[in-house]
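A.B. asks: The structure that follows is given in the form of structure tokens.
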Amino acid sequence: MKKILSLVLVSVLGGVITLSAYKLYFDQNTTIQSTTPVGESTYFPTVHNVSNIANTVNAPNFVSAAEKTVHSVVHVKNTAIITGQNSFEDFFFGRQSQRAQIGTGSGVIISPDGYIITNNHVINGAREISITLNDNKIYDAQLIGSDEKTDIALLKIDADEELPYISFGDSDEAKIGEWVLAVGNPFNLTSTVTAGIISAKARDLSGRNMQSFIQTDAAVNPGNSGGALVNANGDLIGINTAISSQTGSYIGYSFAVPSNIARKVVEDIMEFGDVQTGILGVTGMSLNSESAEHFGVDTSEGFYVNGIEEDTGADMAGIKEGDVIKKLDDIKISKFADLKGYLTTKRPNDVVNVTLLRDGDTKVLPVTLMKNSNLTLPIVGQVKNAKASDLKKYGTNNGIKISALDNTYARYWKKNGIEEGSIITAINDVKVRNIDEAKKIITENSSGDPLKFEIINKNGQKENFYWR
Numbered sequence: 002m003k004k005i006l007s008l009v010l011v012s013v014l015g016g017v018i019t020l021s022a023y024k025l026y027f028d029q030n031t032t033i034q035s036t037t038p039v040g041e042s043t044y045f046p047t048v049h050n051v052s053n054i055a056n057t058v059n060a061p062n063f064v065s066a067a068e069k070t071v072h073s074v075v076h077v078k079n080t081a082i083i084t085g086q087n088s089f090e091d092f093f094f095g096r097q098s099q100r101a102q103i104g105t106g107s108g109v110i111i112s113p114d115g116y117i118i119t120n121n122h123v124i125n126g127a128r129e130i131s132i133t134l135n136d137n138k139i140y141d142a143q144l145i146g147s148d149e150k151t152d153i154a155l156l157k158i159d160a161d162e163e164l165p166y167i168s169f170g171d172s173d174e175a176k177i178g179e180w181v182l183a184v185g186n187p188f189n190l191t192s193t194v195t196a197g198i199i200s201a202k203a204r205d206l207s208g209r210n211m212q213s214f215i216q217t218d219a220a221v222n223p224g225n226s227g228g229a230l231v232n233a234n235g236d237l238i239g240i241n242t243a244i245s246s247q248t249g250s251y252i253g254y255s256f257a258v259p260s261n262i263a264r265k266v267v268e269d270i271m272e273f274g275d276v277q278t279g280i281l282g283v284t285g286m287s288l289n290s291e292s293a294e295h296f297g298v299d300t301s302e303g304f305y306v307n308g309i310e311e312d313t314g315a316d317m318a319g320i321k322e323g324d325v326i327k328k329l330d331d332i333k334i335s336k337f338a339d340l341k342g343y344l345t346t347k348r349p350n351d352v353v354n355v356t357l358l359r360d361g362d363t364k365v366l367p368v369t370l371m372k373n374s375n376l377t378l379p380i381v382g383q384v385k386n387a388k389a390s391d392l393k394k395y396g397t398n399n400g401i402k403i404s405a406l407d408n409t410y411a412r413y414w415k416k417n418g419i420e421e422g423s424i425i426t427a428i429n430d431v432k433v434r435n436i437d438e439a440k441k442i443i444t445e446n447s448s449g450d451p452l453k454f455e456i457i458n459k460n461g462q463k464e465n466f467y468w469r
């Protein structure tokens with residue numbers, strides 16, 4: 002009897018333990034299942050990372066930025082007339098073989114009254130330019146002006162209503178790693194939006210005149226040129242301009258003209274008719290560890306000054322050879338592209354605070370930028386305005402001064418007694434007193450027409466030289 006009671010007691014105790022363990026397991030399993038969303042496998046539990054949820058909440062609102070910009074980006078069609086190879090019949094009848102060539106790209110509406118910014122290469126050589134809006138309305142466009150160096154052009158359409166437009170953002174404030182959208186018309190696919198980040202700033206592309214691009218990894222393809230690069234707020238921070246590719250299509254590298262440069266260019270075109278360039282008046286190079294050691298300076302970042310142009314703002318402000326420029330205003334200068342990019346946003350007579358290193362000490366010098374006083378003449382080289390002392394030296398009352406001979410023809414000029422410092426008194430029998438007058442004569446000269454230069458040689462004699 003005692004044995005039976007003992008067995009019953011052990012059985013009851015075992016049952017209680019089993020039920021307790023089962024209840025504990027069931028409660029825990031129910032808790033786990035309650036955190037598993039419907040439709041997800043319970044075999045591979047989902048871990049819900051709170052920080053990831055927070056990051057999603059704080060992520061850029063691409064929908065808002067896209068809606069804000071997509072209607073302000075237009076399709077640009079360029080119709081150019083090109084001359085093809087003449088056939089025997091063309092020669093026989095005295096005809097020229099010509100045909101229309103169509104080019105396409107993108108543009109950005111920057112004002113409600115129809116001003117549109119695009120790339121110069123999108124409309125270069127156009128006989129006709131047409132604009133198609135996002136609602137499929139088509140307008141003829143007028144070319145207001147363009148700048149080949151920065152690859153920026155300004156167009157105007159006359160619409161019968163106020164147009165949606167994009168406001169300029171501050172490209173200097175854009176940060177590496179910041180989200181951006183590229184909006185344009187790649188491969189004639191209108192209203193296309195792609196996303197990426199800013200990969201680099203002040204990017205120098207070899208062989209291009211304007212050397213301060215924003216680099217992104219947003220997908221940009223042929224047809225995107227002239228389109229908008231916008232930040233997460235939908236503000237315009239760049240004009241998509243180029244890609245780096247071995248295939249002709251996007252492979253991860255796209256480049257945009259910074260909005261601060263683009264804005265300054267179109268404002269100059271509207272106010273002055275051309276681009277006003279303010280120069281600092283220094284020559285030099287970017288530093289690295291090797292050049293820093295060579296020049297005996299303690300920094301491997303900055304712009305090393307190895308020359309000062311006479312009578313420029315840098316000269317008058319006291320910048321010297323051997324100085325290292327570290328900042329222009331609040332913009333850090335690590336390389337030449339930083340320097341050039343910031344100066345491209347400035348005009349003559351603007352004052353720039355230059356922070357530099359000199360013999361280990363930091364100095365801040367205010368420099369007044371000046372108008373570029375140099376002009377490149379075909380076959381001759383660089384010329385600049387002559388001072389009274391230069392004219393007196395050569396016994397003339399007018400003329401411009403040769404500051405640097407063209408490398409290709411330097412031997413020819415020197416053989417004929419022409420050197421740096423010689424004075425050009427007339428071009429095509431028209432007297433010149435400054436480089437603006439010389440530029441006008443060259444610009445108005447038809448392509449292929451001969452040029453005639455009247456130059457005073459080192460013996461004080463005037464000679465005529467012809468270039469065809």
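Going by my numbering, the residue at position 340 of the sequence shown is 341; the numbering climbs one at a time, nothing skipped. Ideal Cβ positions, reconstructed from N, Cα and C, are used throughout, including at glycine.
#1: Report the three-state DSSP secondary structure of Tyr-410 (helix, strand or coil).
#2: With which residues is Asp-148 paired in a DSSP beta bridge?
#3: Among Tyr-305, Gly-197 and Gly-319, which has the Cα closest to the Cα of Glu-311?
#4: According to the Cβ coordinates, are Tyr-343 and Leu-358 closer than 7 Å?
#5: Looking only at C-alpha atoms, which of Gly-400, Ser-290, Phe-256 and Ala-405 sits nearest to Pro-379?
#6: Please return the same chain residues whose Cβ sits closer than 7 Å to the Cβ of Pro-367, not counting the five positions on each side in sequence.
#7: On the criterion of 16 or more Cβ atoms from any shown chain inside 10 Å, does Ala-101 qualify as buried, or is it exposed?
#8: Please name the residue in Glu-420, Glu-174, Ala-411 and Gly-400 whose C-alpha comes closest to that of Asp-430.
#9: I want to know whether the region 180-189 touches the region 147-166 - three or more CB-CB distances under 8 Å.
#10: Go ahead and label Ile-425 buried or exposed: buried means 16 or more other beta carbons lie within 10 angstroms of its beta carbon, across all protein chains shown.
#11: Kindly provide the ranges of any beta strand (DSSP E) runs that are 3 or more residues long and lie completely inside the region 160-195, ordered along the chain.
#12: DSSP beta-bridge partners for Phe-256?
#13: Which same chain residues, not among the five before or five after Ile-326, have their C-beta less than 7 Å away from its C-beta?
#14: Rounded to the nearest angstrom, what separates Gly-461 and Glu-420 at their Cα positions?
#15: Which of the three DSSP states is assigned to Ala-318 in this structure?
#16: Can you have a look at Ser-245 and say buried or exposed, based on whether 16 or more other CB atoms are within 10 angstroms of its CB?
#17: Do Phe-337 and Ser-287 have their beta-carbon atoms positioned less than 7 Å apart in this structure?
#18: Can you list the beta strand (DSSP E) stretches of 3 or more residues lying completely in the region 377-444, in chain order?
#19: Alpha carbon to alpha carbon, how far is Ala-233 from Ile-1? Give it in angstroms, no decimals.
#20: Between Asp-205 and Thr-345, what straight-line distance do the alpha-carbon atoms span, to the nearest angstrom?
#21: Roughly how far, in whole angstroms, is the beta-carbon of Leu-182 from the beta-carbon of Ala-66, given that I think they are within contact range, below 8 Å?
#22: I need the DSSP call for Asp-339, collapsed to helix, strand or coil.
#23: How would you label Ile-457, buried or exposed, when you count the other beta carbons within 10 angstroms and need 16 or more for buried?
#24: How long is the line joining the alpha carbons of Trp-468 and Thr-409, rounded to whole angstroms?
#25: Quick one: grab the DSSP three-state call for Glu-302.
#26: Using CA coordinates, which residue listed in Gly-224, Ser-226, Asn-125 and Ala-196 is at the minimum distance from Asp-218?
#27: By the DSSP assignment, the alpha helix (DSSP H) with Ala-66 in it spans what residues?
#28: How many angstroms separate the CA atom of Thr-284 from the CA atom of Met-371?
#29: Relative to the C-alpha of Gly-297, which candidate in Gly-323, Ile-280 and Glu-179 has its C-alpha closest?
#30: Please state if the CB of Ala-175 and the CB of Ile-139 are separated by a distance shorter than 7 Å.
#31: Would you please state the rounded distance, in angstroms, between the beta carbons of Gly-115 and Asn-79? I believe it to be under 8 Å.
#32: What residues are listed by DSSP as bridge partners for Pro-367?
#33: Just reading off the beta strand (DSSP E) that Ile-139 is part of, what are its end residues?
#34: Taking the beta strand (DSSP E) that Asn-121 belongs to, which residues open and close that run?
#35: I'd like the list of long-range same chain contacts for Ser-147, defined as Cβ closer than 6 Å, with 5 residues on each side in sequence excluded.
C.D. replies: Walking through what the data contain:
#1: Numbered from its first residue, the sequence shown carries residue 410 at position 409. Note: Tyr-410 maps to coil in three-state DSSP.
#2: Against the sequence shown, residue 148 aligns to sequence position 147. Answer is Ile-153.
#3: Here the question's residue 311 lines up with position 310 in the sequence shown. Residue Gly-319 is the option with its Cα nearest to Glu-311.
#4: Counting from 1 along the sequence shown, the entry for residue 343 is found at position 342. Counting from 1 along the sequence shown, the entry for residue 358 is found at position 357. No, these two residues do not count as a Cβ contact at 7 Å.
#5: Reading the sequence shown from its first residue, position 378 is the one you call residue 379. Here the closest residue by C-alpha is Ala-405.
#6: If you number the sequence shown from 1, residue 367 lands on position 366. Closer than 7 Å at the Cβ level, and outside the excluded window around Pro-367, lie Ala-318, Val-352 and Asn-354.
#7: For this step, residue 101 is matched to residue 100 along the sequence shown. Result: exposed.
#8: If you number the sequence shown from 1, residue 430 lands on position 429. The candidate whose alpha carbon is nearest that of Asp-430 is Gly-400.
#9: no
#10: Within the sequence shown, residue 425 is the residue found at index 424, counting from 1. Ile-425 is buried by the Cβ-count criterion.
#11: 180-185
#12: Your numbering for residue 256 matches position 255 in the sequence shown. Its beta-bridge partners are Gln-216 and Ala-243.
#13: Locating residue 326 in the sequence shown gives position 325, where the first residue counts as 1. Within the same chain, Ile-326 has close Cβ partners Gly-303, Phe-304, Val-306, Ile-334, Leu-340, Val-355 and Leu-357.
#14: Start at 1 with the first residue of the sequence shown, and residue 461 comes out as number 460. Start at 1 with the first residue of the sequence shown, and residue 420 comes out as number 419. Rounded to whole angstroms, Gly-461 to Glu-420 spans 12 Å at the Cα level.
#15: Indexing the sequence shown from 1 puts residue 318 at position 317. Looking at Ala-318 - three-state DSSP - the assignment turns out to be helix.
#16: Here the question's residue 245 lines up with position 244 in the sequence shown. Result: exposed.
#17: Here the question's residue 287 lines up with position 286 in the sequence shown. Here the question's residue 337 lines up with position 336 in the sequence shown. Going by C-beta atoms, Ser-287 is nearer than 7 Å to Phe-337.
#18: 382-386, 401-406 and 424-428
#19: Past the edges of the chain, shown from 2 to 469, lies residue 1, and the structure says nothing about it.
#20: For the purposes of this step, residue 205 is taken as the residue at position 204 of the sequence shown. For the purposes of this step, residue 345 is taken as the residue at position 344 of the sequence shown. Spanning the two alpha carbons is a distance of roughly 14 Å.
#21: Taking the first residue of the sequence shown as position 1, residue 182 is located at position 181. Taking the first residue of the sequence shown as position 1, residue 66 is located at position 65. Their Cβ separation, rounded to whole angstroms, is 6 Å, which keeps Leu-182 and Ala-66 in contact under 8 Å.
#22: As a first step, residue 339 is located in the sequence shown; it is residue number 338 there, counting from the start. In this structure, Asp-339 counts as helix in the three-state DSSP scheme.
#23: Start at 1 with the first residue of the sequence shown, and residue 457 comes out as number 456. Ile-457 comes out buried.
#24: Counting from 1 along the sequence shown, the entry for residue 468 is found at position 467. Counting from 1 along the sequence shown, the entry for residue 409 is found at position 408. Distance between the alpha carbons of Trp-468 and Thr-409 is about 14 Å.
#25: Counting from one through the sequence shown, the residue named residue 302 turns up at place 301. Reduced to three states, the DSSP call for Glu-302 is coil.
#26: Within the sequence shown, residue 218 is the residue found at index 217, counting from 1. Ranking the options by Cα distance to Asp-218, first place goes to Ala-196.
#27: What you label residue 66 is simply residue 65 of the sequence shown in a count that begins at 1. First-last of the alpha helix (DSSP H) with Ala-66: 63-70.
#28: Residue numbering aside, residue 284 sits at position 283 when the sequence shown is read from its first letter. Residue numbering aside, residue 371 sits at position 370 when the sequence shown is read from its first letter. Approximately 15 Å, taken between the alpha carbons.
#29: Sequence index remark: in the sequence shown, residue 297 carries index 296 (1-based). Of Gly-323, Ile-280 and Glu-179, the residue nearest in Cα terms is Gly-323.
#30: What you label residue 139 is simply residue 138 of the sequence shown in a count that begins at 1. What you label residue 175 is simply residue 174 of the sequence shown in a count that begins at 1. In this structure, Ala-175 does not lie closer than 7 Å to Ile-139 by Cβ.
#31: Working through the sequence shown from its first residue, we reach residue 115 at position 114. Working through the sequence shown from its first residue, we reach residue 79 at position 78. Between Asn-79 and Gly-115 the Cβ distance is about 18 Å, and since that is not below 8 Å, they are no contact.
#32: Position 366 of the sequence shown, counted from the start, is the residue given in the question as residue 367. In DSSP, Pro-367 forms a bridge with Asn-354.
#33: In the sequence shown, the residue the question calls residue 139 occupies position 138. Here the beta strand (DSSP E) through Ile-139 covers 139-141.
#34: As a working mapping, residue 121 is identified with position 120 in the sequence shown. Here Asn-121 belongs to no beta strand (DSSP E); instead the alpha helix (DSSP H) covers 121-124.
#35: Residue mapping note: residue 147 aligns to position 146 of the sequence shown, counting from 1. So the list reads Asn-121 and Ala-154, once near-sequence residues are dropped.
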